[in-house]
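All remarks here apply to the structure that follows.
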Amino acid sequence: MNSYIVKRLAVLIPVLLGMTLIVFSIIHAIPGDPAETILGDKATEQSKQALREQLGLDKPWLQQYGTYLGELAHGDLGDSIRTRQPIAREMLPYLAATLELTVASMFFAIVVGMNAGIVSAWKRNSWFDYVSMVIALVGVSMPIFWLGLMEQWIFANKLHWLPSIGRMNSRDPVEAVTHLAIIDAMVGGRMEQVWTVIKHLILPSIALGTIPMAVIARITRSSMLEVMDSDYIRTARAKGLASFQVVYKHALKNAAIPVLTIIGLQTGSLLGGAVLTETIFAWPGIGRYIFEAISSRDYPVIQSGILTIAFLFVIINLIVDLLYAVLDRRIRYQ
Amino acid sequence: MSKKYAKNKAWTVLLVLALGAVLALSGCGGSNEGAKPEAGKTPGGAGEGVQDTLIYGRGGDSVALDPAIVTESESLKIGMQVFDTLLEYKESTTEIQPGLAESWEVSPDGLIYTFKLRQGVKFHDGSDFNAEAVVFNFNRWSDPKSPYKFEGDSYDYYDSMFGPEGSRVIKEVKAVDANTVQFTLTKPQAPFLQNIAMPSFSIASPKAIQEKKADFKSNPVGTGPFVFKEWKRNDTITLEKNPNYWKEGQPKLAKIIVRSIPDNTARFNALQNGEIDLMEDLNPDDAKQLEGNNELQKIERPSFNVAYIGFNLKKKVFNNPKVRQALNHAVNKQAIIDALFAGEAKPAVNPMPPTLWGYDDSIQDYTYDLDKAKSLLVEAGYPNGLPEPLTFYAMPVSRPYMPDGKKVAEAIQADFEKIGVKVNIQSPEWATYLEDLKAGQKDDLYMLGWNGDNGDPDNFLYTLLDKDTIPGNNRSFYVNEELHKILVKAQVEVDQDKRAELYKQAQFIIKQDAPWIPLVHSTPLMAGKVNLKGFVPAPGGIESYSSVYFE
Numbered sequence: 003m004n005s006y007i008v009k010r011l012a013v014l015i016p017v018l019l020g021m022t023l024i025v026f027s028i029i030h031a032i033p034g035d036p037a038e039t040i041l042g043d044k045a046t047e048q049s050k051q052a053l054r055e056q057l058g059l060d061k062p063w064l065q066q067y068g069t070y071l072g073e074l075a076h077g078d079l080g081d082s083i084r085t086r087q088p089i090a091r092e093m094l095p096y097l098a099a100t101l102e103l104t105v106a107s108m109f110f111a112i113v114v115g116m117n118a119g120i121v122s123a124w125k126r127n128s129w130f131d132y133v134s135m136v137i138a139l140v141g142v143s144m145p146i147f148w149l150g151l152m153e154q155w156i157f158a159n160k161l162h163w164l165p166s167i168g169r170m171n172s173r174d175p176v177e178a179v180t181h182l183a184i185i186d187a188m189v190g191g192r193m194e195q196v197w198t199v200i201k202h203l204i205l206p207s208i209a210l211g212t213i214p215m216a217v218i219a220r221i222t223r224s225s226m227l228e229v230m231d232s233d234y235i236r237t238a239r240a241k242g243l244a245s246f247q248v249v250y251k252h253a254l255k256n257a258a259i260p261v262l263t264i265i266g267l268q269t270g271s272l273l274g275g276a277v278l279t280e281t282i283f284a285w286p287g288i289g290r291y292i293f294e295a296i297s298s299r300d301y302p303v304i305q306s307g308i309l310t311i312a313f314l315f316v317i318i319n320l321i322v323d324l325l326y327a328v329l330d331r332r333i334r335y336q
Numbered sequence: 025m026s027k028k029y030a031k032n033k034a035w036t037v038l039l040v041l042a043l044g045a046v047l048a049l050s051g052c053g054g055s056n057e058g059a060k061p062e063a064g065k066t067p068g069g070a071g072e073g074v075q076d077t078l079i080y081g082r083g084g085d086s087v088a089l090d091p092a093i094v095t096e097s098e099s100l101k102i103g104m105q106v107f108d109t110l111l112e113y114k115e116s117t118t119e120i121q122p123g124l125a126e127s128w129e130v131s132p133d134g135l136i137y138t139f140k141l142r143q144g145v146k147f148h149d150g151s152d153f154n155a156e157a158v159v160f161n162f163n164r165w166s167d168p169k170s171p172y173k174f175e176g177d178s179y180d181y182y183d184s185m186f187g188p189e190g191s192r193v194i195k196e197v198k199a200v201d202a203n204t205v206q207f208t209l210t211k212p213q214a215p216f217l218q219n220i221a222m223p224s225f226s227i228a229s230p231k232a233i234q235e236k237k238a239d240f241k242s243n244p245v246g247t248g249p250f251v252f253k254e255w256k257r258n259d260t261i262t263l264e265k266n267p268n269y270w271k272e273g274q275p276k277l278a279k280i281i282v283r284s285i286p287d288n289t290a291r292f293n294a295l296q297n298g299e300i301d302l303m304e305d306l307n308p309d310d311a312k313q314l315e316g317n318n319e320l321q322k323i324e325r326p327s328f329n330v331a332y333i334g335f336n337l338k339k340k341v342f343n344n345p346k347v348r349q350a351l352n353h354a355v356n357k358q359a360i361i362d363a364l365f366a367g368e369a370k371p372a373v374n375p376m377p378p379t380l381w382g383y384d385d386s387i388q389d390y391t392y393d394l395d396k397a398k399s400l401l402v403e404a405g406y407p408n409g410l411p412e413p414l415t416f417y418a419m420p421v422s423r424p425y426m427p428d429g430k431k432v433a434e435a436i437q438a439d440f441e442k443i444g445v446k447v448n449i450q451s452p453e454w455a456t457y458l459e460d461l462k463a464g465q466k467d468d469l470y471m472l473g474w475n476g477d478n479g480d481p482d483n484f485l486y487t488l489l490d491k492d493t494i495p496g497n498n499r500s501f502y503v504n505e506e507l508h509k510i511l512v513k514a515q516v517e518v519d520q521d522k523r524a525e526l527y528k529q530a531q532f533i534i535k536q537d538a539p540w541i542p543l544v545h546s547t548p549l550m551a552g553k554v555n556l557k558g559f560v561p562a563p564g565g566i567e568s569y570s571s572v573y574f575e
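So the protein lines, in turn, are chains R and Z. For the first sequence, the positions run 3 to 336 when the working numbering is used. For the second sequence, the positions run 25 to 575 when the working numbering is used.
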């Protein structure tokens with residue numbers, strides 16, 4: 003098992019290097035002059051030229067790439083062109099905000115999606131099966147933008163149950179320590195704020211988690227159906243085990259691998275795809291950080307932001323692979 | 025795994041699921057944070073009584089908080105609260121009034137300005153405001169070798185208002201005594217006092233700049249009504265009351281939290297839900313919901329902008345002024361305003377708003393007249409309309425002067441179709457959009473707008489339509505030598521009546537040449553709680569919140 007982990011980790015290095023090259027080339031293929039975009043309409047030609055020189059944008063891109071890799075090796079992500087702050091420091095709060103939202107969304111997606119899928123497979127062709135699969139179909143095709151605004155309108159404006167924007171009550175904010183608001187509220191000993199923070203998480207995580215929830219439900223259902231038709235389940239039933247135990251213990255374990263793959267992929271896509279949710283719910287996450295960087299041609303931020311997401315994606319995949327090995331011993335020898 | 029354990033685990037999963045569902049459906053009951061605050065109560069604020077914290081919702085975050093190094097308004101809005109300028113604009117107008125300078129004198133030749141400064145004013149860090157501080161700031165902006173210019177900072181507003189290095193308008197700024205500052209100019213500048221009042225020329229604490237250095241742009245220190253407290257990027261900026269502010273009885277609020285909420289409708293949802301107290305950029309469509317709502321009020325910002333369709337004069341088809349005039353006759357401005365601005369705009373006749381001095385109201389607009397348009401096209405040699413379809417760039421972003429560019433473009437497309445002019449609408453991403461227009465290769469006609477900076481006609485007419493601003497803001501590549509002479513003459517004329525006369529001539533020439541279809545002067549909409557008082561929106565979009573309070 004240990005050597006398997008080491009091997010999987012060693013593969014990461016060329017993957018990450020390849021990612022830097024791809025991201026760097028694509029970003030530098032974007033048309034347009036960053037100096038112009040950053041300094042705006044009122045800038046003089048002189049100050050634009052000065053900025054280009056300072057950013058090294060006048061150098062050939064291979065040289066720029068080399069410089070970038072060198073800095074990256076020292077853990078230096080560079081400075082944002084727009085705000086001139088070190089990116090590594092600046093990105094942390096955004097990253098934390100996105101992680102918090104992603105975890106909450108996946109929690110929602112997994113708990114609801116898997117259970118819906120399991121019960122649908124178990125009670126195949128029942129009304130529950132039909133209803134939940136229709137919901138899953140609608141969920142996949144629901145525009146996040148519309149869903150988010152509808153949630154706000156119903157649960158915040160009409161019913162006044164939940165807050166519509168932000169991460170916490172900004173009239174009485176929690177002090178940032180880890181930038182994960184729930185943990186910060188706990189660390190600060192402000193238990194009443196923990197609840198407030200959770201309430202702020204509910205609407206955006208449902209909006210963001212709806213698509214993965216629907217995908218997970220469908221995959222779980224079909225995977226479970228396949229397993230439940232197999233001989234060993236019939237045997238288990240024949241031995242007189244209660245249906246509940248057959249489904250949740252025997253069948254689920256073997257049906258879990260494709261589901262796990264989907265969970266991994268969906269989590270990765272949430273990390274990068276949260277821009278709309280973050281926009282509607284004024285959630286200061288990494289999706290918006292990158293989006294703003296793109297509209298201001300902030301190359302270093304775009305690069306670092308995408309690389310960070312890609313890195314997390316790779317890590318999630320690694321975790322999924324390791325979990326496969328735990329679930330199915332045959333996998334680690336392949 | 026024992027049977028019992030497996031069962032427990034399964035039940036746990038189901039319980040969590042059930043709990044989740046119940047939470048989502050019940051709205052979590054309990055505490056009322058986020059829910060609408062009850063009337064008369066201060067939501068989560070500082071105890072009983074009247075609310076003294078304002079939460080202001082806007083679309084974007086600031087870039088930097090040192091007003092000298094930025095040109096975009098989201099940054100200057102914060103600068104306006106933290107800093108003061110020597111002169112100020114009177115509320116909701118562009119007339120000047122004393123600020124940190126109590127009075128001023130101008131020499132008869134218009135070259136020497138002497139300012140008497142207010143005494144006893146202190147910066148937020150406790151240091152004294154005096155003539156030396158003024159000199160320090162102006163030297164920092166003008167001297168390219170100043171040790172207080174930090175890496176990458178540029179002072180573009182200084183360069184554009186007072187001339188770039190090598191042709192500065194301000195020759196020297198000196199402290200005559202502790203409370204007197206004298207400016208010597210190289211040549212007279214008509215809008216000099218107007219310019220001095222721009223928020224970009226805010227007086228910052230020299231001590232803070234010397235100590236904080238490059239960090240000053242995220243930790244600003246001025247003499248203004250509010251003290252900068254905290255900046256969570258893309259989230260909130262927190263400002264607190266300056267208890268020693270020199271304006272009697274101001275500021276009235278204890279705290280301001282400025283929140284970035286990018287989506288206009290989400291921001292309006294937050295206002296309705298009591299999470300913010302005041303918001304910018306209300307969608308015209310959402311404004312209808314304010315009617316009959318007795319908890320919210322609609323606030324109109326004075327119109328100080330122009331949205332226009334520009335012709336790219338590099339393209340051969342637009343060489344003929346008759347074609348441009350024909351298209352001017354083909355746009356039904358009022359229909360666009362009714363349908364897409366919810367009526368909250370006025371048809372534009374000239375390239376500057378009618379509220380600005382020097383506006384020529386004797387000029388008649390090209391009427392909406394399709395027959396006239398067709399006959400002009402015939403005269404121009406296009407009896408069957410234009411042979412090739414035109415590429416029409418429509419704005420991909422919403423701006424106060426143009427809430428929905430693509431829909432407006434579609435309306436105009438339909439209008440043009442009626443006189444045999446076909447257009448293909450394109451909306452590339454915003455940065456690319458602006459670059460393409462500047463290059464002038466891809467677009468045939470385009471949509472854009474402008475919001476005034478400083479209340480001088482020069483800031484519209486010269487900035488947008490003079491040949492000097494190619495490449496740049498003159499994206500029509502419109503060159504008229506006679507117009508250029510008039511605009512340059514107006515820049516050095518000191519007598520405002522004479523200047524107004526020159527700008528009227530300029531508007532006449534522009535109307536004849538028709539490099540644009542001036543579209544609308546929109547009224548940007550805001551919304552706030554009904555008990556919010558004392559908020560006076562400024563035409564330029566940047567106002568002080570120091571007299572805002574809650575009833």
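We put the beta carbon where it would ideally sit given N, CA and C, even for glycine.
Bridge partners - residue i, DSSP secondary structure assignment
i        : result
Z:Arg423 : Z:Met426
R:Pro165 : Answer is none; R:Pro165 lacks a bridge partner.
Z:Tyr113 : Z:Ile120
Z:Ala366 : DSSP, once it has assigned bridges, lists no residue as partnering Z:Ala366.
Z:Ile261 : Z:Trp255 and Z:Val282
Z:Asn329 : Z:Asn475
Z:Tyr573 : Z:Lys557
Z:Pro371 : Z:Val544
Per-residue contacts from residue i into chain Z (C-beta, under 9 angstroms)
i        : result
R:Leu151 : Asp287, Thr289, Ala290 and Asn293
R:Tyr291 : Arg257 and Asn258
R:Ser166 : Gly58, Ala290, Asn293, Ala294, Gln296, Asn297 and Glu299
R:Glu38  : Ala455, Leu458, Glu459 and Lys462
Within chain Z, partners of residue i - CB distance below 7 angstroms
i        : result
R:Ser172 : Ile79, Thr260, Ile281 and Arg283
R:Pro88  : Under the 7 angstroms cutoff, chain Z gives no residues; its nearest Cβ is about 11 angstroms from R:Pro88.
Coil, strand or helix - residue i by DSSP
i        : result
Z:Ile541 : strand
R:Leu329 : helix
Z:Ile281 : strand
Z:Asp90  : coil
Z:Ala290 : helix
Z:Pro308 : helix
R:Ile89  : helix
Contact set between residue i and chain R, taken where Cβ atoms lie within less than 7 angstroms
i        : result
Z:Asp183 : Thr46
Same chain only: Cβ atoms within 8 angstroms of residue i, ignoring 5 sequence neighbours per side
i        : result
Z:Ala204 : A small fix is needed here, since residue 204 of chain Z is Thr in this sequence, not Ala. Taken in chain order, the residues that qualify are Thr138, Phe139, Lys140, Leu141 and Ala155.
Z:Ile300 : Ile79, Tyr80, Gly81, Arg283, Ile285, Arg291 and Ala294
Own chain partners of residue i with C-beta closer than 6 angstroms, once the 5 adjacent residues on each side are dropped
i        : result
R:Ala219 : Gly115, Ala118, Gly119 and Ala138
Z:Gly68  : Here Z:Gly68 scores only 42 on pLDDT, less than 50, and its place in the model is too uncertain to base an answer on.
Z:Gly53  : Because the pLDDT at Z:Gly53 is just 36, under 50, the model does not fix this residue reliably, and the point stays unresolved.
Residue i Cβ short of 7 angstroms to the ligand SAH heavy atom set
i        : result
Z:Phe107 : This structure simply doesn't include the ligand SAH, nor any ligand for that matter.
Partners in chain Z for residue i, counting only beta-carbon separations shorter than 8 angstroms
i        : result
R:Phe283 : Ala290
Proximal residues to residue i (C-beta, below 7 angstroms), its chain only, five neighbours per side dropped
i        : result
Z:Ala433 : Phe416, Ala418, Ile449 and Met471
Z:Asn11  : Here chain Z comprises residues numbered 25 to 575, so residue 11 of chain Z is not present and cannot be evaluated.
Z:Tyr179 : Ala92, Ile93 and Trp165
Chain R contact residues for residue i, given Cβ-Cβ distances below 9 angstroms
i        : result
Z:Ser178 : Leu41, Ala45, Thr46, Gln48, Ser49, Lys50, Ala52 and Leu53
Z:Ala88  : Arg84, Thr85 and Arg86
Under 8 angstroms by beta carbon: chain R residues contacting residue i
i        : result
Z:Glu175 : Gln56 and Arg86
Z:Pro188 : Thr46 and Gln48
Exercise for review: Could I get the ranges of all uninterrupted alpha helix (DSSP H) runs contained in the segment 441-506 of chain Z, with 4 residues as the minimum, in chain order?
Suggested key: 454-463 and 482-489
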